[in-house]
Amino acid sequence: MSAPFAFRIGVDENGMGPRLGPMLVTAVLAATDERGHKAVERRARGGMKARVGDSKELVSHGDVALGEAWARVLAEISGARPTTVDDVVHAISLDAPDELRRPCPDHVRPQCWGDGGEALSAPEDLVAEVRRDVKKLEKSGVRIVGVRSVVVCTKRLNEAVDRGHSRFIVDLHSMERLVLDFREQVGESVLAVCGKVGGLRQYEPAFGPLSGRLCTVLDERKERSAYHFPGLGEMRFLMDADGSDKLVSIASLVGKYLREVLMARIVRHYGTKVSGLPDASGYHDRITNEFVEATALVRRRAKVPADCFERRAIG
């Protein structure tokens, strides 16, 4: 049952599998009534279908306008007034700027945090359409009230590997942080719907921030796992959640945008040092391989630690 919860959260990750760049875990919080829960669980229709859905289909490398529009509108709802890409990043990040940069050697920070040459690019008519989508959702009983993302840089992912934690575990623990933060914000139990983490069915042994809390297992199947925590609420992990839950979809669109702009900073940084550098997505593809090879010498000369540039995997 979803109806007893007055607040609902949609959570999803972006950038689990790439070779380079950060992983993002994003949550969208909404106040919902009984109508709202039903509306969230219905697939988008009409014009909204072109703006709420699978982020992999709606936002892509080199075409992030829709993700930016959602990020800007939701940042405004959260109380920010972003006028730059950097404003958007820090308005949405759960962690403060100093914490985001804490693992970075001083001479490496420009690789990931230099904002030169970037600008907001979503057309104002698209931003206006997203604002109308938000109003339509509110009329159907879904009032979006906040958005937050955990940015997990390459260095932190590699530090997790050294602790024996896979990216799936880092993803799960980031989801827990976001849900706990929103639960504290609203002051009452919440329903959190999350995209399935890897192939996990049993989440309880893998919990991090929620470990040690009283927990009741409600469901553990391939397509759905669910848990109740007294005082916190319910967490559900659904297969393909971004296709069946509008808040998860919106979270994924925002996270996809943040992943793309943060990866673009890395590309621009090295583009000032190596001529003809390809525009790499950071994923496991030919262009990214060329990017890694083309920047090897300049990274070595600049003494950029390997763990700040390329992800490692357990084993």
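Residue numbers in the sequence shown follow this note's numbering, run continuously in steps of one, and reach 407 at the last position. Ideal Cβ positions, reconstructed from N, Cα and C, are used throughout, including at glycine. It should be emphasised that the depicted structure is a prediction, and the values quoted were computed from it without experimental measurement.
Review point. Any idea which residues DSSP pairs I236 with across the strands?
Key: Residue 236 sits at position 144 when you count from the first residue of the sequence shown. Beta-bridge pairing links I236 to A122.
**Study point:** Close Cβ partners of G256 (< 8 Å) along its chain, the five nearest in sequence each way excluded
**Key:** The residue labelled residue 256 in the question sits at position 164 within the sequence shown. Excluding positions up to five away in sequence, the list reads I406.
Practice item. Kindly list the residues whose CB is nearer than 7 Å to the CB of N108, restricted to its own chain and excluding five residues on each side of it in sequence; keep chain order. Key: Position 16 of the sequence shown holds residue 108. Before going on, a small fix: residue 108 reads as Met here, not Asn. Only M115, R259 and D263 meet the Cβ criterion.
**Study point:** CB contact flag (V309, E326, <8 Å)
**Key:** Looking up residue 309 in the sequence shown gives position 217. Looking up residue 326 in the sequence shown gives position 234. Their beta carbons are not under 8 Å apart, which means V309 does not touch E326 by this criterion.
Review point. If you count every other CB in all the chains shown that lies within 10 Å of the CB of A269, and 16 or more means buried, which is it?
Key: For this step, residue 269 is matched to residue 177 along the sequence shown. The amino acid occupying residue 269 in the given sequence is Arg; Ala does not appear at that position. Buried is the call here.
Exercise for review: Alpha carbon to alpha carbon, how far is P397 from V132? Give it in angstroms, no decimals.
Suggested key: For the purposes of this step, residue 132 is taken as the residue at position 40 of the sequence shown. For the purposes of this step, residue 397 is taken as the residue at position 305 of the sequence shown. Using only the alpha carbons, I get a separation of about 44 Å.
Check your understanding: Secondary structure at G128, three-state DSSP: helix, strand or coil?
Key -> Translated into the one-based positions of the sequence shown, residue 128 becomes position 36. In this structure, G128 counts as helix in the three-state DSSP scheme.
Practice item. May I ask whether a heavy atom of the ligand SAH can be found less than 7 Å away from the beta carbon of V120? Key: Summarising the ligand content, the structure contains no ligands, and the ligand SAH is consequently not present.
Exercise for review: Quick one: residues in its chain with C-beta nearer than 6 Å to the C-beta of S408, no 5 flanking neighbours on either side, listed in chain order?
Suggested key: Residue 408 lies beyond the residue range present for the chain, which begins at 93 and ends at 407; the question has no answer from this structure.
Practice item. Compare the beta carbon distance of V239 and S170 with 8 Å and say whether it is the shorter of the two. Key: Mapped onto the sequence shown, residue 239 falls at position 147. Mapped onto the sequence shown, residue 170 falls at position 78. For V239 and S170, yes; Cβs fall inside 8 Å.
**Study point:** Local conformation of D311 per DSSP, three classes
**Key:** Against the sequence shown, residue 311 aligns to sequence position 219. Here D311 sits in strand by DSSP.
Review point. From F329 to K288, what does the alpha carbon distance come to, in whole angstroms?
Key: Sequence index remark: in the sequence shown, residue 329 carries index 237 (1-based). Sequence index remark: in the sequence shown, residue 288 carries index 196 (1-based). The alpha-carbon atoms of F329 and K288 are separated by roughly 5 Å.
Check your understanding: Can the beta-carbon of G291 be found less than 8 Å from the beta-carbon of T118?
Key -> The residue given as residue 291 occupies position 199 in the sequence shown. The residue given as residue 118 occupies position 26 in the sequence shown. Contact: no.
Review point. So what does DSSP say about S303, is it helix, strand or coil?
Key: Position 211 of the sequence shown, counted from the start, is the residue given in the question as residue 303. Three-state DSSP puts S303 in coil, outside helix and strand.
Practice item. With a threshold of 16 other CB atoms inside 10 Å of the CB of R275, please say whether the residue is buried or exposed. Key: Within the sequence shown, the letter at position 183 stands for residue 275. When all chains shown are included, R275 counts as buried.
Practice item. Report the partner residues of M115 according to the DSSP bridge assignment. Key: Locating residue 115 in the sequence shown gives position 23, counting from the first residue. The partner list for M115 (beta bridge, DSSP) reads V244.
Practice item. Give a yes or no on whether the C-beta atoms belonging to L272 and I101 are separated by under 8 Å. Key: Position 180 of the sequence shown, counted from the first residue, corresponds to residue 272. Position 9 of the sequence shown, counted from the first residue, corresponds to residue 101. No; because the gap between Cβ atoms is not below 8 Å, this pair is not in contact.
**Study point:** M267: first and last residue of the uninterrupted alpha helix (DSSP H) it sits in
**Key:** On the sequence shown, residue 267 is found 175 positions in, with the first residue counted as 1. Residues R259 to V278.
**Study point:** R316 versus R357: straight-line alpha-carbon distance, rounded
**Key:** The residue given as residue 316 occupies position 224 in the sequence shown. The residue given as residue 357 occupies position 265 in the sequence shown. Roughly 36 Å separates the two Cα atoms.
**Study point:** Candidates G323, E312, R293 and Q294, of which the one nearest L306 by Cα
**Key:** In the sequence shown, residue 306 corresponds to position 214, counting from 1. The residue with the shortest Cα to Cα distance from L306 is G323.
Check your understanding: Pick from V366, K395, D198 and C400: whose alpha carbon is nearest that of E385?
Key -> One-based indexing of the sequence shown puts residue 385 at position 293. Ranking the options by Cα distance to E385, first place goes to V366.
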